[in-house]
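Engineer: Numbering (this note's numbering), first residue to last: 1 to 308.
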């Protein structure tokens, strides 16, 4: 097929690679503009741009796709399909109508569950036992288009958003190639999404990582896993922020936020008569440490309350 690819972050790179290796003609790659990063605020290209240039593909980085220029370029190219993977911009209706097979989006959830910008994180935070990837015929709404194909995978009880992100990116790449093949063969039957089953996966903000120990240990374990590595779960210890990088379900009971055991292990009471072990943490201004290492240099008496 003659394709246009639209994507920006690391998640989209395996999809671009898979399309290139499958022999598709990628006539153009759209990605977000370079952005300043790091201490020196040097302009840094998106991962998709770097990969596209390594293949010698033409790259376009418009600030907007709503001014008519993107539409004119797409009409000039005349792609069979546009593959959209975490591009970061909502496409106007005029663009959606151009390709013969439409604009095909890879979304990292089992739609209609977890529509929105952060489906990987919210699948874990919500305690889902499974997730997957969906290829979808793009429509005007946010992730509301007809489902083309799906593949699911279990979520490991201790899996983080970081590892799940990497797994789903490669699953999505395989599914995208398969979907395009099936569209060309005429073997895909689009399925309308059931609005009654739809849930949202909104953009994550840093403050969402604050731990409320009135919640159960299971809920907080999911929060820590789902928000790792960013924005990270956190609480406070003696007025300083304590990032919680890794947790484990534990036994114990006490007032929510109360440190139950601080001799080699940092166990904290949670809601519902549950307890959570903080395995790896990072005290404000310090390096990440195991809780055991933290306690050696910073003793925390049992009965100390976190989050106050």
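Note that beta-carbon positions come from the ideal geometry of N, C-alpha and C, so glycine has one too.
1. Looking at the structure shown, is residue 136 part of a helix, part of a strand, or coil, going by DSSP?
2. On a CA-only basis, which of 230, 161, 54 and 168 is nearest residue 85? Give me that one, please.
3. Are the C-beta of residue 95 and some C-beta of chain B separated by less than 8 Å?
4. Return helix, strand or coil for residue 174, following the three-state DSSP convention.
5. Which residue from 68, 39, 43 and 17 puts its Cα closest to that of residue 57?
6. Identify the continuous beta strand (DSSP E) that holds residue 280 and give its terminal residues.
7. Return the chain-ordered ranges of every beta strand (DSSP E) run that is complete within the region 211-251 and spans a minimum of 3 residues.
8. Just how far apart, CA to CA, sit residue 117 and residue 89?
9. Could you tell me how far apart the beta carbons of residue 236 and residue 307 are, in whole angstroms, since I believe they sit closer than 8 Å?
10. Measuring only the C-alpha atoms, how far is residue 190 from residue 163?
11. How big is the Cα-Cα spacing for residue 145 and residue 99?
12. Rounding to the nearest angstrom, what Cα-Cα distance links residue 29 and residue 293 in this structure?
13. Using 8 Å as the cut-off, can you tell me whether the region 244-258 makes contact with the region 179-194, which would need three or more C-beta pairs spanning the two stretches below that distance?
14. Could you pull out every unbroken beta strand (DSSP E) segment of at least 3 residues lying fully inside the region 9-48, listed in chain order?
15. So, residue 95 versus residue 102, is the Cβ gap smaller than 8 Å?
16. Between residue 262 and residue 279, is the Cβ-Cβ spacing less than 8 Å?
17. Could you give the distance in angstroms between the alpha-carbon of residue 229 and the alpha-carbon of residue 281?
18. Between which two residues does the beta strand (DSSP E) harbouring residue 150 extend?
19. Please name the residue or residues paired with residue 160 in a DSSP beta bridge.
20. Taking its Cβ as the centre, do 16 or more other Cβ atoms sit within 10 Å of residue 42, making it buried, or is it exposed?
21. From 149, 275, 170 and 114, pick the residue whose C-alpha is nearest to that of residue 214; which is it?
22. Thinking residue 152 and residue 110 are a contact (beta carbons under 8 Å), I'd like their distance in whole angstroms, please.
23. Checking 8 Å against the spacing of the C-beta atoms, do residue 75 and residue 92 come in under that value?
24. Just curious, the beta strand (DSSP E) that residue 254 is in, first and last residue?
25. Exposed or buried, what is residue 194 when buried is set at 16 or more other beta-carbons lying within 10 Å of its beta-carbon?
26. Quick check on DSSP: helix, strand or coil for residue 114?
27. Contact defined as beta carbons within less than 8 Å: I believe residue 249 pairs with residue 285. What is the distance between those atoms, to the nearest angstrom?
28. Using only the alpha-carbon positions, how far apart do residue 341 and residue 48 sit?
29. Could you check what DSSP says for residue 191 in three-state terms: helix, strand or coil?
30. Am I right that residue 62 and residue 70 are in contact with their C-beta atoms under 8 Å? What's the rounded C-beta distance?
Structural biologist: By the coordinates alone:
1. Looking at residue 136 - three-state DSSP - the assignment turns out to be strand.
2. 168
3. Absent from the structure is chain B; it holds one protein chain and no more.
4. helix
5. 17
6. Per DSSP, the unbroken beta strand (DSSP E) holding residue 280 starts and ends at 274-283.
7. 233-237 and 240-250
8. 11 Å
9. Taking 8 Å as the upper bound for CB-CB distance, residue 236 and residue 307 are in contact here, some 6 Å apart.
10. The alpha-carbon separation between residue 190 and residue 163 amounts to approximately 30 Å.
11. 15 Å
12. Distance between the alpha carbons of residue 29 and residue 293: 48 Å.
13. no
14. 25-30, 35-37 and 42-44
15. no
16. no
17. For residue 229 and residue 281, the distance between alpha carbons rounds to 12 Å.
18. 147-154
19. Residue 160 is not bridged by DSSP to any residue.
20. exposed
21. For the set 149, 275, 170 and 114, the Cα lying nearest the Cα of residue 214 is the one of 275.
22. 6 Å
23. no
24. Per DSSP, residue 254 lies in no beta strand (DSSP E) and is assigned neither H nor E.
25. exposed
26. coil
27. The pair is not a contact, with the Cβ atoms about 29 Å apart (cut-off 8 Å).
28. Past the edges of the chain, shown from 1 to 308, lies residue 341, and the structure says nothing about it.
29. strand
30. 6 Å
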